[in-house]
Amino acid sequence: MLNQLEVTQQQALDELAQVNSREALRAWELKYLGKKGQITELVRSVGQLPKEERASFGKRANEIKQALTAAYAEREALVEEQELARDLEEGQIDVTLPGRPVNRGGLHPSTQTLRQFYDIWGDMGFQIYRSREVEDDDTNFTLLNIPPHHPARDMQDTFYTTTPNVILRTHTSPGQIRAMRDLGGNGTLPIRVILPGMVYRYEQITARSEIQFHQVEGLAIGRNITMTDLKGTMAAFARRVYGENARVRFRASYFPFTEPSMEVDVECFLCKGEGCRVCKYSGWIEIAGSGMVHPVVLQNGGYDPAEWSGFAFGMGPERMTMNKHGINDIRYFWANDLRFLEQF
Ligand code: DAH
Numbered sequence: 003m004l005n006q007l008e009v010t011q012q013q014a015l016d017e018l019a020q021v022n023s024r025e026a027l028r029a030w031e032l033k034y035l036g037k038k039g040q041i042t043e044l045v046r047s048v049g050q051l052p053k054e055e056r057a058s059f060g061k062r063a064n065e066i067k068q069a070l071t072a073a074y075a076e077r078e079a080l081v082e083e084q085e086l087a088r089d090l091e092e093g094q095i096d097v098t099l100p101g102r103p104v105n106r107g108g109l110h111p112s113t114q115t116l117r118q119f120y121d122i123w124g125d126m127g128f129q130i131y132r133s134r135e136v137e138d139d140d141t142n143f144t145l146l147n148i149p150p151h152h153p154a155r156d157m158q159d160t161f162y163t164t165t166p167n168v169i170l171r172t173h174t175s176p177g178q179i180r181a182m183r184d185l186g187g188n189g190t191l192p193i194r195v196i197l198p199g200m201v202y203r204y205e206q207i208t209a210r211s212e213i214q215f216h217q218v219e220g221l222a223i224g225r226n227i228t229m230t231d232l233k234g235t236m237a238a239f240a241r242r243v244y245g246e247n248a249r250v251r252f253r254a255s256y257f258p259f260t261e262p263s264m265e266v267d268v269e270c271f272l273c274k275g276e277g278c279r280v281c282k283y284s285g286w287i288e289i290a291g292s293g294m295v296h297p298v299v300l301q302n303g304g305y306d307p308a309e310w311s312g313f314a315f316g317m318g319p320e321r322m323t324m325n326k327h328g329i330n331d332i333r334y335f336w337a338n339d340l341r342f343l344e345q346f
């Protein structure tokens, strides 16, 4: 039996030398050192020996068991080291491979135009004033010199709410009243602001008209502001957007909240005035409504029209974006179609 023990040990050591994985290690342990392992069984059979041989057998059996356990631990460390090395090699990154493309978001074309406008007006000393989209009828119309039943109300079909007097603003002009009352120091301080934001109109949606779109309103209030300031300011803006040589013209117009009022046109950037599809063969593109702030509006904002004057303007960034990129349908702007949006 002692001989059997030595043979089994040798066999176990030979097999262990071949073991190269955790699974094989576990199988080896079970086979020799487990509860029903060959060494364990041999040790257990000590009782079959004559009494005088038992002590030396037991001693040798223990030695062998310890030797095998030590050999096992050593092999286990080696196998783990090898597996780690293998894992590291397999997981290694090949830095020469091309990277996987990352999907980038982009800015909405209207946002791009708005930000360009903020930069330009900011350079000219205009701060951004954010007025509310949910307005009251008075501020949207009456305080802007558009009393109830005034025909000008028909030009801006309105979204009413179930709350009397509460509407969605049809233009950014009511922000003029709020800016004057908020920043004007009761009619004692000059103001230079732009008021960007969404406006809403209850209209049939077509290629040319949407129920929501942006406007950028402008307002300058001071002690000696004249029409010259308005013209120079609009011309400077047009040159920043359409280039140093952009020509502008002013056409007499009518708005209830300005007097006098005028429309601002820029020479068509595409045909240079020759006439083309973009400018509808007129050679000019309309970029803003504008005028000198009406005395009634100044008064409603808290200013004394005898001492103060100002100019105002309103622009449509979507219209201008459409001209710039040759977009022929305004419905693309809020349709959330990536095929459209990804082009900008
Ligand atoms: N509120 C006008 C509209 O929506 C645009 C406008 C015209 C704004 C003239 C102004 C202005 O400030 O002076 O049609």
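Reminder that position 264 of the sequence shown reads as 266 in the working numbering, one-by-one numbering, no gaps. C-beta: ideal position from N, C-alpha, C; glycine also. A quick note: this is a predicted structure, and the numbers were derived from the prediction, not measured.
On the criterion of 16 or more Cβ atoms from any shown chain inside 10 Å, does residue i qualify as buried, or is it exposed?
i	result
V97	exposed
K67	buried
T141	buried
P111	buried
R347	The structure shown does not extend to residue 347, since the chain is modelled only from 3 to 346, so the question has no answer here.
Y34	buried
E269	buried
L340	exposed
D267	buried
T235	buried
Compare the C-alpha of residue i against each of the options and name the closest.
i	options	result
I196	T228, L221 and A209	L221
I130	V104, T165, P198 and T174	P198
L27	Y120, L70, R106 and G293	L70
A209	I329, M229 and A248	I329
Q372	K282, A57 and L15	Any property of residue 372 remains undetermined from this structure, which presents the chain solely from 3 to 346.
G291	T323, R225 and S175	S175
N5	L44, W30 and K37	L44
R77	A63, K61 and E25	E25
T260	Q12, T190 and Q301	Q301
L145	A72, K282, G177 and Q158	G177
E309	V218, I207, T163 and N226	N226
R194	S47, T163, F313 and S58	F313
P166	R251, E219 and D139	D139
Y204	T160, D331, Q345 and M126	T160
P258	A240, G293, I289 and D231	G293
E31	L7, A73 and H327	A73
R183	Y305, V81 and L86	Y305
Once DSSP output is grouped into helix, strand and coil, what is the label at residue i?
i	result
A248	coil
F59	helix
S112	helix
S263	strand
V201	strand
R210	coil
L51	coil
Q217	strand
R194	strand
M317	strand
L272	coil
M371	Outside the modelled stretch of the chain, which goes from 3 to 346, sits residue 371, for which no answer is possible.
I227	coil
P9	Sequence check: residue 9 is Val here, not Pro. Three-state result, V9: helix.
V243	helix
F257	strand
L170	strand
Y283	coil
Completely contained alpha helix (DSSP H) runs for the segment 74 to 155, where each covers 4 or more residues
111 to 125 and 139 to 142
Scan the segment 285 to 330 and note each continuous alpha helix (DSSP H) run of 4 residues or more that stays entirely inside, going in chain order.
Within the segment 285 to 330, the complete alpha helix (DSSP H) runs of at least 4 residues are 297 to 302 and 319 to 327.
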